[in-house]
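Engineer: In my numbering, the protein residues as written are 803 to 1141.
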Amino acid sequence: DLIEEVARLYGYGRITATYPVGVLIQDNISEPGIRDQVINAASGFGLDEVLTYSFTGEGSFDKLRISQDSPLRSVLKIQNPLRLEQQVMRTTLLPGLMDAVAYNYHRKLVDLGLFEVGAVFIPQQAGQIPEERQHLGIIACGKTDAGWRGTGEERDYYYVKGIIEGILGMLGMEELTFEKYTDFPALHPGRSARILYGKEELGYLGELHPQVLTNYDLPLRAVVCELDLKKAALFIKQQLLFRPISRYPGINRDLALVVPISVPAAQVQKVIYGTGGDLLKKCQLFDVYYGDQVPEGYRSLAYSLLYQSPDHTLTDEEVAGIHDAIIEALAKEVGAHLR
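#1: Out of Y1100, D1080, A1127, state which residue places its alpha-carbon closest to the alpha-carbon of P1112.
#2: State the Cα-Cα distance for the pair Y959 and V1026, rounded to the nearest angstrom.
#3: Need the endpoints of the alpha helix (DSSP H) that Y960 sits in, please.
#4: Along the beta strand (DSSP E) that carries E981, what are the first and last residues, could you check?
#5: Pop quiz: R1141 and V1073 are said to be a contact at Cβ under 8 Å. What is the actual Cβ separation, rounded to whole angstroms?
#6: Select from E976, Q870, V1096, A843 the residue whose C-alpha is nearest the C-alpha of E860.
#7: Decide if N830 is buried, meaning its Cβ has at least 16 other Cβ atoms within 10 Å, or exposed.
#8: P1012 lies in the alpha helix (DSSP H); which residues open and close that run?
#9: Where do the ends of the beta strand (DSSP E) carrying I1053 lie?
#10: Do you know how far the Cα of P1062 is from the Cα of V1136?
#11: Taking 8 Å as the threshold (C-beta atoms), are G944 and D901 in contact?
#12: Please confirm whether V922 and L938 have their CB atoms less than 8 Å apart.
#13: If you follow the beta strand (DSSP E) that D1030 is part of, which residue opens it and which one closes it?
#14: Which residue from A844, V877, S872 puts its Cα closest to that of T858?
#15: Helix, strand or coil: how does DSSP classify R810 here?
#16: Tell me the residue span of the beta strand (DSSP E) that contains F1037.
#17: Can you check DSSP and say which residues form a bridge with M975?
#18: Quick one: what does DSSP say N830 is sitting in, helix, strand or coil?
#19: My parser needs the beta strand (DSSP E) runs of 3 or more residues fully inside the region 902 to 961; what are they?
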C-alpha cells in the first residue's frame, strides 16, 4: 500500500516501464544429471517406465539376430548365475525391453509404449572394472489411448522419432540427423536409422526385424530406439541463451521438389538450412509422393519453410532471393528440381 501511494504521488506516467527480471537456475547437465530429465520427459510423452534386470542370457543375442563378432557379444559373465537366462551383464537394453513386451503381450496387453533408463556394462582390460554407460531404451507397439478423439495414434516409426526429437530437444539438442542404418540385424533394414548429432552417433531407431518378432512369438510390429546418454551429455549446452520472440510476422513458402530416391530427405533439409541462413527459421517435410507424375528413380518431397526476421518485416523480394538461392543449391548439390 505504501509503495502504491508513493507511486501515485510521484506520478505513474513518470515511471519507466521495464520487464520483470527472474533468475533461472540450470539443472545439472552431467550424465547422472540428465537421467532424471530424460525420465520426466519420456513420462511426459506418455511412455511407461520399466525396470529390467541388468543381466541377461547369451541366448537373447541369438533371438535378436546379433552376430557372433558383434561388440554387443563382448560381455561380462557372472560366476554363479541363478539361471542361464541371467548369466551375463547386459551390453544393450533391448533384451529386457523385448522380454517386457512379450510378457505383456501374452497377457492381452498389446498397446504398449515402454522406456527404460539404465546402465549397460562394457568390459575393459583384465583386472579393470567395467565401464557403465547410461542408456535410454524405448519400445512401442499398437496404438496410444483413444482419448476424446475416439481413435488412438499408431505407435510407429514416426511416433517414436517424434518422442526422441522431443526429449533431446528439451536438452537443447535440436539439430538431429537420421541416416539410413543397415548394420544392426535386429532391425528391419529398410525401416531403421542411426541417430546423429553433428557427426557423433548417439544411437539407433527402427522397426524390429520380422524374424526377431517371430523369435519372441510376437505377431505384431514394434519400433525400438536406444540412445547413449553419456554421449548425449557431452553435447548439452553449458549455457542456455534466450532470445525475444520476434514481433514481426513470418512468411511461409512451400517447396515441392523432385529428388532422386538415393538422396535422403535429411540431406535435402541440410542443404535448405545451410543456404537459408538466419532468416530461415523452420523447414518441415510434410509430404512424400511416389507415382506416375514423378519419373522412375525419383520421389517428390514437399517442405514448408518459414522465413522471419527479428528486427523488421520481411518483404517478398527478400524472401524470393533466399528461396531462389535454396532452389539453385538443391539442384547443384543433390540433383533436385521443382516439381
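Where a beta carbon is used, it is the ideal one built from N, C-alpha and C, also for glycine. Bear in mind that the values here come from a model prediction, so they are computed numbers and not experimental data.
Structural biologist: Short version:
#1: Stepping through the sequence shown from its first residue, residue 1112 is reached at position 310. For the residues Y1100, D1080, A1127, the minimum Cα distance to P1112 belongs to D1080.
#2: As a working note, residue 959 is residue 157 in the sequence shown. As a working note, residue 1026 is residue 224 in the sequence shown. Each residue's alpha carbon lies about 8 Å from the other.
#3: Position 158 of the sequence shown, counted from the start, is the residue given in the question as residue 960. 959 to 972 is the span of the alpha helix (DSSP H), which, as asked, contains Y960.
#4: Against the sequence shown, residue 981 aligns to sequence position 179. Its beta strand (DSSP E) spans residues 978 to 982.
#5: Position 339 of the sequence shown, counted from the first residue, corresponds to residue 1141. Position 271 of the sequence shown, counted from the first residue, corresponds to residue 1073. Wrong, their Cβ atoms sit about 17 Å apart, outside the cutoff.
#6: Numbered from 1 along the sequence shown, position 58 holds the residue referred to as residue 860. It is Q870 whose Cα lies nearest to the Cα of E860.
#7: Here residue 830 refers to the residue found at position 28 of the sequence shown. Annotation note: pLDDT 48 at N830 (below 50); position unreliable, coordinate value reported separately. So N830 counts as exposed.
#8: Here residue 1012 refers to the residue found at position 210 when the sequence shown is read from its first residue. It spans 1012 to 1017 - the alpha helix (DSSP H) in which P1012 sits, taken as one unbroken run.
#9: By one-based count along the sequence shown, residue 1053 stands at place 251. Here the beta strand (DSSP E) through I1053 covers 1053 to 1062.
#10: Position 334 of the sequence shown, counted from the start, is the residue given in the question as residue 1136. Position 260 of the sequence shown, counted from the start, is the residue given in the question as residue 1062. If I take the Cα positions, the gap works out to 8 Å.
#11: If you number the sequence shown from 1, residue 901 lands on position 99. If you number the sequence shown from 1, residue 944 lands on position 142. It is not a contact, given that the beta carbons lie outside the stated cut-off.
#12: If you number the sequence shown from 1, residue 922 lands on position 120. If you number the sequence shown from 1, residue 938 lands on position 136. No, these two residues do not count as a Cβ contact at 8 Å.
#13: Numbered from 1 along the sequence shown, position 228 holds the residue referred to as residue 1030. Note, D1030: beta strand (DSSP E), 1024 to 1030.
#14: Counted from its first residue, the sequence shown places residue 858 at position 56. For the residues A844, V877, S872, the minimum Cα distance to T858 belongs to V877.
#15: On the sequence shown, residue 810 is found 8 positions in, with the first residue counted as 1. In this structure, R810 counts as helix in the three-state DSSP scheme.
#16: The count along the sequence shown starts at 1 and reaches residue 1037 at position 235. That residue, F1037, is in no beta strand (DSSP E); it is neither H nor E in DSSP.
#17: Counted from its first residue, the sequence shown places residue 975 at position 173. Answer is none; M975 lacks a bridge partner.
#18: As a first step, residue 830 must be located in the sequence shown, where it is residue number 28. Below a pLDDT of 50, predicted positions are generally treated as unreliable, and N830, at 48, falls in that range; the measurement from the model is reported next regardless. Note: N830 maps to coil in three-state DSSP.
#19: 914 to 924, 933 to 943
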